[in-house]
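K.L.:
Residue numbers (full-length UniProt numbering): 1 to 210. Take a look at the following structure, please.
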């Protein structure tokens, strides 16, 4: 029986990916568009990775340059300012997911584990009035694999009674490393790596029904 659900945030609870695309384009607007396009593609394919990893990827891999921790933090802060201004609008909430969460939060232990910045994530959840549904809301810079591992240990959960719901390969990897089932959502490519895929949360009463 499934007792605990780990939730990814972007693309699962909040339809935020287009805004995050915009955020990366904005903080790197002074650079060549072709290089920024490559970063946005990397971001799209690796939704579960943190902005800190993506900013370093931009400099280290795409530009072939070193970048200081201070510069990474400065850019991450600028990115966060853009996100806080945009993503507190409830129109970005994915209705069917939120409905399932509201209906079932007393039946499961819900935890958010996200690649998004943890402080920003808690701010957004508070503003969107969904914080009350989750036992914990955790994000970067701690890698998702470790977020899941730490929660399993802290609450003494049996991983066989847990699932992780996400929309990226990084989410699948976090579930796999921690020996729990992964349920793909909002990304058809994830059917290739998992036997469990959520077409729609509508009319889904229990996660075991998938």
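Note that CB positions come from ideal geometry on N, CA and C, so glycine has one too.
Comparing alpha-carbon positions, which option in 167, 197 and 75 lies nearest residue 8?
P.N.:
167
K.L.:
Between the alpha carbons of residue 145 and residue 174, how many angstroms are there, rounded?
P.N.:
4 Å
K.L.:
Among residues of its own chain, excluding the 5 on either side of residue 65, which ones have a beta-carbon nearer than 6 Å to its beta-carbon?
P.N.:
59
K.L.:
Beta carbon of residue 15, beta carbon of residue 116: below 8 Å?
P.N.:
no
K.L.:
Which of the three DSSP states is assigned to residue 110 in this structure?
P.N.:
strand
K.L.:
Which same chain residues end up closer than 7 Å to residue 211 when comparing Cβ atoms and leaving out the 5 residues on each side of it in sequence?
P.N.:
Because the chain in this structure spans residues 1 to 210, residue 211 falls outside the shown range and cannot be described.
K.L.:
Distance, Cα to Cα, residue 110 vs residue 68?
P.N.:
36 Å
K.L.:
Helix or strand or just coil, what does DSSP make of residue 13?
P.N.:
Look at residue 13 here: in three-state DSSP terms it is coil, with no helix or strand label.
K.L.:
Please state if the CB of residue 138 and the CB of residue 118 are separated by a distance shorter than 8 Å.
P.N.:
yes
K.L.:
As a quick exercise: from 207, 82, 151 and 108, pick the residue whose alpha carbon is nearest that of residue 124.
P.N.:
82
K.L.:
Check whether the Cβ atoms of residue 57 and residue 42 lie closer than 8 Å to each other.
P.N.:
Judged by beta-carbon spacing, residue 42 lies within the 8 Å limit of residue 57, meaning their Cβ atoms are closer than that value.
K.L.:
Please find out if some non-hydrogen atom of the ligand HEM comes closer than 7 Å to the beta-carbon of residue 145.
P.N.:
With respect to small molecules bound, the structure shown includes none, and the ligand HEM cannot be examined in it.
K.L.:
Residues bridged to residue 6 by DSSP?
P.N.:
111 and 164
K.L.:
Distance, Cα to Cα, residue 183 vs residue 127?
P.N.:
27 Å
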